[in-house]
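The next block holds one structure in the form of structure tokens; read it before the comments.
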Amino acid sequence: MTITLLSLKIEIKMLIFMLVVLLLTQPFASTSCNVEYCTECVPDYPDNCMICQDDYKLDAETGKCVPCPKGTWGPRCSTRKCWLTTRVNCLECSNTDRCWTCEDGYYVTWYGGCGACAEGTGGYECQDLICNGVALTNCKTCSTAVEGTCAVCKDSYKLAPENNKCEACPDGRIGPECISMKCLATTRDYCLECLSGTDRCSRCYDDFHPNELGKCVQCQGNTGGYNCEKTKCNGKISENCATCYSAEDAVLEPGACKVCRDGYYKESSNSIACTLCPDNRLSDGITCNAVLCSGTRYDNCQTCTEGEATCQLCLDGYGPNETGSCTPCPDGRGGPNCVGTKCTADQMALVDDCRFCRDDGACVQCATGFKLDNKECVPINGCQSPNCRSCTVTDGTETCKRCQKGYYVVSGRCVRCVGNCLDCKGVGVCVACEDGYTLTADVCVLSSPDVDVGSCNISNCVACLTNNQDVCATCSSGYLWNANERACVVACPDTNCIDCNQSTGECSACAVGYGMQEALCYPCTVSNCSSCAFRKDSISGESAEVCIRCSFGELTIDGQCKAIVRMSKKTAFVSSVGVVVLVLLVCIGVGLFFVFHRKPTQQLGVTPETRLMDSQQNIDPVFFDNSPECVEH
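Take the sequence shown: its letters are residues -31 to -1, 1 to 602, numbered as in mature numbering (1 follows the signal peptide of the UniProt record, and there is no 0).
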């Protein structure tokens, strides 16, 4: 019994021993290696070595552990003899016993050895900053917003936005983020360009300007941009702004401009940037309600009197006085030149030249000199110029002063509004659009997803095609799209003009049915005339219309169009019958000639039979099948 228990104890001990040996000799999956001389592999990757045995180093290309080069030994072959001195973590010795280059993560000490980098640093000579385990070269401060990235680089380095790495400054730039440069021997911060041959800066960063000493100083107050020439409203650059809203002003958009510089206006009360006024318009800092008439400024004026220093057409709510200036309309009047009537405080009469109207705007009585006709007030005597509502006659010449809706005055006559515009105030200044169009910046833009407003790179273009940003759908006021030039060109002020000077707008060619007189296109009055001219009589000096090209089927004779005389169907039929009869008579005559010519020949005894025999005697022999014999035929 004792022997049995003893044997059992021995067997149990042997079993435990074998289990221990088995556990000790069984390699773990995460640390086992198939690479020779390797002590530690990448976890779960036995063919990828991380650390080799002492006196071996890892070959990066093959992934194998290879013997240390001659003269080196130890872990990673980092120990070498520099003359008689052993240097650990040294890559290269000097000509003495000192180490010249240490491994990454170490630096050369004062005594020539290699010391470990301080915590948070690494790389060559400890120049890298360790940010969340990532070594960043030439980085000064780690980013707290994005882990593993740099926030501030060392001096003479700056962050590259594309890869967030610290790159060396361009030639000539130094300092933090490369903000400085040397002007001769003097360092100038925030300087972009030095004054040649001096230590002064001539061009600074935005929001800085050079002072009298050539140093770049920060802009003061609400100024900013290049050389502090722009205005900053609430920290934002406001283009061409003179005065910003203060903190006490109630504006919806932070950074909105209050008053623009001269020549610019605000498109809305909350506009940040200011827009350039149209040609020949002047601004009061908010609107472009002024214009120069022969060198004299007139506020609240829309159109000047041609060749005179007076205003011809005032803006809504203003009318011309005896001096030609525009003054506010009297009570009860409104509209351009005060020709409109106020029915209520908020409702104007729907038609011009109305004296009394209902609250809904419908006119019930017209002003003196006008009568109510189909809900419109029309002149009692009437103007002869087409589409003219009000005119003057001087020396027998009628000059239109005001046109009907949908037309505007050009040199004393009415020209139709262009560009899907129902009503306009002048050249390219639309106030109402046709259905399907939206009023944008004084022009009518097609309301369609195929048209993209405000995203064009084409000059003077308001809206481009959505699928082709190189094609303008609607040009700015005063411009038209030229498909050949692929650009918005200056529009001819006269809608009946097909070609004009791009600088002056003076017409050089009129449309079909119009003729030119003093650079303006007038309709041809000669019947069936497609192109006419106005020529002055050398004696009387009066201008007379002369047609120079008529419609199809007409000829120009003495400046008039005359119909081409054409043969009637009846006349043409009679003429055709006559020709047929004449041809028949000629044929009969020829036939009689041959008949009389043949009779004498028959009387001499020549018959058809004899003529046939004579002709057969003159026929050459005919051979067939290459035979020399003649064959009857």
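The beta-carbon is built from N, C-alpha and C at its ideal position, and this holds for glycine as well.
As assigned by DSSP and simplified to three states, the class of residue i
i	result
ILE557	helix
PRO179	strand
LEU319	coil
PRO44	helix
PRO247	coil
CYS197	helix
GLN271	strand
CYS53	In the sequence on display, residue 53 carries Leu and not Cys. Coil.
LEU551	helix
PRO492	strand
PRO139	coil
PRO145	helix
TRP69	strand
ILE206	strand
THR256	coil
GLU162	strand
ILE588	Unreliable placement is indicated for ILE588, whose pLDDT of 40 sits below 50; no coordinate value is reported for it.
LYS109	strand
GLY84	strand
PRO348	strand
LEU341	strand
LEU284	coil
Beta strand (DSSP E) segment containing residue i, residue limits
i	result
VAL378	376 to 379
MET150	149 to 152
CYS95	Looking at the DSSP string, CYS95 is not in any beta strand (DSSP E), and its letter there is neither H nor E.
ASP16	14 to 21
ASN451	448 to 451
CYS2	Premise fails: CYS2 is in no beta strand (DSSP E) and is neither H nor E.
SER125	Run containing SER125: none; DSSP gives neither H nor E here.
LEU391	390 to 395
residue 606	A query on residue 606 cannot be resolved here, the shown segment of the chain reaching from -31 to 602 and no further.
ILE526	523 to 526
GLY288	287 to 289
PRO297	295 to 297
CYS399	398 to 402
TYR174	No beta strand (DSSP E) holds TYR174; DSSP gives it neither H nor E.
CB of residue i within 8 Å of CB of residue j, strictly
i	j	result
residue 666	GLU514	The structure shown does not extend to residue 666, since the chain is modelled only from -31 through 602, so no value can be given for it.
ALA432	VAL458	no
CYS372	ASN356	yes
GLY330	ALA318	yes
ARG385	SER354	no
CYS270	CYS295	yes
CYS399	ASP411	yes
ILE143	LYS134	no
GLY303	ASP285	yes
LYS26	CYS46	yes
CYS111	CYS122	no
ASN389	GLU367	no
CYS202	ALA225	yes
GLY117	CYS100	yes
Nearest to residue i (by Cα), restricted to the options the options
i	options	result
SER446	ASN453, LEU408 and LEU434	LEU408
ARG67	LYS50, GLY204, GLY91 and ALA452	LYS50
GLY405	GLY91, VAL398 and ASP419	ASP419
SER238	ARG250, ASP231 and THR256	THR256
residue 672	ASP158, CYS270, ARG455 and CYS312	Examination of residue 672 is not possible in this model, given that the chain is present from -31 through 602 alone.
ASN132	SER512, GLU236, THR244 and ALA120	ALA120
PRO44	ALA502, TRP52, CYS59 and THR54	CYS59
THR292	THR265, GLU345, LYS127 and MET485	THR265
residue 606	THR155, LYS184 and ASN196	No information on residue 606 is available, as it lies outside the stretch -31 to 602 that the chain covers here.
THR361	SER380, ALA480 and TYR376	SER380
THR525	SER512, LYS505, SER499 and PHE503	SER499
TYR6	LYS505, TYR14 and GLN22	GLN22
TYR234	ALA216, CYS516, ASP253 and GLY224	ASP253
LEU489	VAL378, ASP439, CYS160 and GLU217	VAL378
GLY166	ALA137, ALA460, ALA154 and CYS402	ALA154
CYS163	CYS37, GLY141 and GLU236	GLY141
CYS185	LYS199, ARG169 and GLY528	ARG169
ASN453	VAL440, ASN465 and CYS461	VAL440
ASP24	GLU30, PRO15, PRO36 and CYS18	PRO36
Residue i beta carbon near the ligand GTP (any heavy atom closer than 7 Å)
i	result
GLY204	Looking at this structure, you won't find the ligand GTP or any other ligand, since it has none at all.
Identity of the residues DSSP links to residue i by a beta bridge
i	result
ARG157	MET150
ASP421	CYS433
ALA513	ARG504
TYR25	PRO36
ASP468	ALA478
ARG455	DSSP output for ARG455 lists no bridge partner at all.
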